[in-house]
Amino acid sequence: MDQIEERLAEEIRNLNRKYPKDLRPPQDQLVLIFTGRILKDTDTLKQYGIKDGHTVQLLIRNFPKWRCISDQFHFFTTSSKHHHHQQQQQPEQQQQQQQQQHQQQQQPQQHHQQQQQQPQHQQHQQQQQQQHQQQQQQQQQQQPQQQQHQQQQQQHQHQQQQQPQPNCSRQHRSDTDTTC
Numbered sequence: 001m002d003q004i005e006e007r008l009a010e011e012i013r014n015l016n017r018k019y020p021k022d023l024r025p026p027q028d029q030l031v032l033i034f035t036g037r038i039l040k041d042t043d044t045l046k047q048y049g050i051k052d053g054h055t056v057q058l059l060i061r062n063f064p065k066w067r068c069i070s071d072q073f074h075f076f077t078t079s080s081k082h083h084h085h086q087q088q089q090q091p092e093q094q095q096q097q098q099q100q101q102h103q104q105q106q107q108p109q110q111h112h113q114q115q116q117q118q119p120q121h122q123q124h125q126q127q128q129q130q131q132h133q134q135q136q137q138q139q140q141q142q143q144p145q146q147q148q149h150q151q152q153q154q155q156h157q158h159q160q161q162q163q164p165q166p167n168c169s170r171q172h173r174s175d176t177d178t179t180c
């Protein structure tokens with residue numbers, strides 16, 4: 001029993017490290033449903049080594065329902081969409097956005113509480129603005145690449161124009177002779 005309790009305590013500690021306090025689900029509890037003596041052997045109980053006269057306790061883990069505040073639900077849906085969008089981007093852009101997210105996560109919790117107090121439509125507007133800014137940044141990053149590609153094409157065309165074309169030393173006297 002001690003090992004199970006230790007494992008549960010370790011799981012709870014890991015969850016506490018993972019999630020911010022205001023987004024954590026309430027802790028689950030072990031609830032005693034039944035206790036009593038086994039009066040009759042059955043095949044299913046024999047499989048577990050339970051025989052006549054053994055006292056059995058039936059325990060269940062009770063997971064209280066997690067109150068779903070619309071802001072919290074909205075937070076999870078946007079973060080999952082954002083994560084999917086990140087997977088499609090180039091590695092450099094991923095690193096930059098991960099750094100930005102890391103900086104945003106390190107901001108004080110007061111800012112997070114203020115965001116929760118704002119109406120949902122304001123949060124939605126802010127998210128749209130952030131997405132718009134990210135799109136602009138991506139476009140700005142793509143423009144230099146396109147300009148560089150155009151410059152390379154122009155240089156290539158210029159080099160082709162500068163290459164001397166072969167001069168024909170002979171004049172073509174017949175239709176069959178086409179060599180220079």
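Under UniProt numbering, the sequence shown has 131 at position 131, and the numbering climbs by one with no breaks. Ideal placement from N, C-alpha and C gives every residue a C-beta, glycine not left out.
Taking just the CA atoms, how far does Ala9 sit from Arg17? Counting from 1 along the sequence shown, the entry for residue 17 is found at position 17. Counting from 1 along the sequence shown, the entry for residue 9 is found at position 9. In a straight line, the C-alpha of Arg17 is about 13 angstroms away from that of Ala9.
Which residues does DSSP pair with Thr42 in a beta bridge? As a first step, residue 42 is located in the sequence shown; it is residue number 42 there, counting from the start. Answer by DSSP bridge pairing: none, since Thr42 is not bridged.
Suppose you measure from the CA of Leu45 to the CA of Gln127; what does that come to, to the nearest Å? For the purposes of this step, residue 45 is taken as residue 45 along the sequence shown, with counting starting at 1. For the purposes of this step, residue 127 is taken as residue 127 along the sequence shown, with counting starting at 1. The alpha-carbon atoms of Leu45 and Gln127 are separated by roughly 56 angstroms.
Starting from Ile4, follow the alpha helix (DSSP H) in both directions and report where the run begins and ends. Counted from its first residue, the sequence shown places residue 4 at position 4. Ile4 -> alpha helix (DSSP H) spans Asp2 to Lys18.
Can you list, in chain order, the residues of its chain whose CB lies under 6 angstroms from that of Thr55, leaving out five sequence neighbours each side? The residue given as residue 55 occupies position 55 in the sequence shown. Excluding positions up to five away in sequence, the list reads Arg37.
Bridge partner(s) assigned by DSSP for Gln126: Taking the first residue of the sequence shown as 1, we reach residue 126 at position 126. DSSP, once it has assigned bridges, lists no residue as partnering Gln126.
7 angstroms Cβ shell around Gln110 - same chain, five flanking residues per side excluded: Here residue 110 refers to the residue found at position 110 of the sequence shown. Residue placement at Gln110 is poorly supported in this model, since its pLDDT is 46, which falls under 50; the coordinates still yield a value, given next. None.
I need the straight-line Cα distance from Gln129 to Gln135, nearest angstrom please. As a working mapping, residue 129 is identified with position 129 in the sequence shown. As a working mapping, residue 135 is identified with position 135 in the sequence shown. Cα to Cα, the separation comes out at about 10 angstroms.
Have a look at the DSSP bridge pairing and note the partners of Gly36. On the sequence shown, position 36 is the one that residue 36 refers to. Partner(s): Val56.
Cα-Cα separation between Asp2 and Lys51, rounded to whole angstroms: Numbered from its first residue, the sequence shown carries residue 2 at position 2. Numbered from its first residue, the sequence shown carries residue 51 at position 51. Distance between the alpha carbons of Asp2 and Lys51: 24 angstroms.
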